[in-house]
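Here the structure is laid out as structure tokens; the discussion comes afterwards.
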Amino acid sequence: MMKRNTNLLILSALAVPIIALLTGRWLVARQVRRDVADLFALADAGLTQTYDPAQLANLPAPVQRYFRHVLKPGQTYLRTVRLQHDGEFKTDLKNDWMPITGEEYFLADKPGYIWIGTTTWFTARDQYVTGEGSLTVHLLGTLPIQHSSGPAFNQGELLRWLAETAWFPTSLLPGGPAVWSPVDDHSATLTLTDHGLTVSCLMSFNEDDELVRCQAQRQSDETHFQTWVCRLFDYRERHGVLVPTQAEAAYLVDGEEKPYARFILRDIKFDEPVAY
């Protein structure tokens, strides 16, 4: 009888933290669904525009070729995008790679996104919403261990949205929030202003007219900047649009790219404004 009671006490002691952990994760997931709904509510509900190659006339030559390659005439301007990815991630450039899965929700007609990345030990949330960027990390998906925001994060998260527009290229067409400037036959500068903040990326294209590299000066704190690079690979058609299915993010250190994130696209949906 005493042994049975002891076993019950042990089971009860183990059950309490497990139940607390599961409850915490459920609460975090519920909050994410609410925040995604709020994000998608910001999308424009006006008349739908469609892409016409004639509107490319004043763009730099490599940008014209890019749009003609990835978009079909009559493509509807996207308003919201959601995607899921697999991949690997480093918490520091000196650390080992760890597996990561993620889901990301974008506004495509204006800057805005929420990204949730999950590893064995932590869940990270990057976002840029109504001019404010932030990074939040939870240990085991529930215990908050980091929340960072401020001007450096506003700039960095806006740059991330700009680089990831390769997944929803209608946002880069003339008349949208971003402006193209010529550089040479295989690159152009893309500049975006949102909520009084201006960022720029050097966008490079390959011989197949695919956007394959974005480079920018990303703020690491109030006064320091680092060269940040996003590479895009393996373009495939998804719902009528050619998009990259692999991406890599890195910092340039002593002239060498040091990657910290590698993502493989698992699913992408256009204008289905609900959370996974």
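By this note's numbering, the letter at position 83 of the sequence shown is numbered 157, and the numbering carries on one by one without gaps. Note that beta-carbon positions come from the ideal geometry of N, C-alpha and C, so glycine has one too.
Simplified DSSP assignment, three categories, for residue i
{"i": "R107", "result": "helix"}
{"i": "P173", "result": "strand"}
{"i": "P333", "result": "strand"}
{"i": "H298", "result": "coil"}
{"i": "L113", "result": "helix"}
{"i": "H313", "result": "coil"}
{"i": "G270", "result": "coil"}
{"i": "L130", "result": "helix"}
{"i": "Y179", "result": "strand"}
{"i": "V327", "result": "strand"}
{"i": "A135", "result": "helix"}
{"i": "R305", "result": "strand"}
{"i": "R287", "result": "strand"}
{"i": "V144", "result": "helix"}
{"i": "V155", "result": "strand"}
Other residues of its chain near residue i: CB distance less than 8 Å, five sequence neighbours each side excluded
{"i": "F114", "result": "T154, Y179, L181, P347 and V348"}
{"i": "V102", "result": "T197, H212, G215 and T216"}
{"i": "I338", "result": "H159, D160, G161, T319 and Q320"}
{"i": "A135", "result": "P256 and D259"}
Distance between beta carbons of residue j and residue i, contact taken as under 8 Å
{"i": "L232", "j": "A290", "result": "Their Cβ separation, rounded to whole angstroms, is 10 Å, which puts L232 and A290 out of contact at 8 Å."}
{"i": "Q300", "j": "A226", "result": "Not a contact, Cβ separation roughly 11 Å."}
{"i": "L152", "j": "F242", "result": "5 Å"}
Residue from the options with nearest C-alpha to residue i
{"i": "L121", "options": "R108, T150 and R107", "result": "T150"}
{"i": "T244", "options": "I338, E330 and G314", "result": "G314"}
{"i": "H143", "options": "I174, V317 and S222", "result": "V317"}
{"i": "A321", "options": "W171, N132, V137 and Y334", "result": "Y334"}
{"i": "G224", "options": "W302, L133 and G205", "result": "G205"}
{"i": "F307", "options": "D282, K168 and D118", "result": "D282"}
{"i": "L326", "options": "A111, C304, R310 and P127", "result": "C304"}
{"i": "D345", "options": "D170, D183 and F141", "result": "D183"}
{"i": "V106", "options": "D258, I190 and K332", "result": "I190"}
{"i": "K332", "options": "L145, A111, W171 and D118", "result": "W171"}
{"i": "G329", "options": "R336, W302 and T194", "result": "W302"}
{"i": "K146", "options": "L247, L167, T192 and A117", "result": "L247"}
{"i": "H298", "options": "L116, F141, Q229 and R199", "result": "Q229"}
Spatial neighbours of residue i in its chain, beta-carbon cut-off 6 Å, leaving aside the 5 residues before and after
{"i": "G148", "result": "T124"}
{"i": "T342", "result": "As written in the sequence, residue 342 is Ile, which differs from the Thr given in the question. Hits under 6 Å: L157 and R312."}
{"i": "W235", "result": "P185, Y187 and Y202"}
{"i": "D295", "result": "A226"}
{"i": "A111", "result": "none"}
{"i": "R108", "result": "none"}
{"i": "H221", "result": "T210"}
{"i": "G336", "result": "Here the sequence assigns Arg to residue 336, which means Gly is not the residue at that position. Hits under 6 Å: G161, E162 and E322."}
Contact set for residue i: own chain, Cβ-Cβ below 7 Å, skip 5 residues either direction
{"i": "Q138", "result": "L130"}
{"i": "V253", "result": "T265"}
{"i": "Y350", "result": "R156, Q158 and E177"}
{"i": "R340", "result": "Q158, H159 and D160"}
{"i": "A237", "result": "C275, C288 and C304"}
> Which runs of the alpha helix (DSSP H), 4 residues or longer, sit entirely within the stretch 182–267?
Replying inline: 225–237
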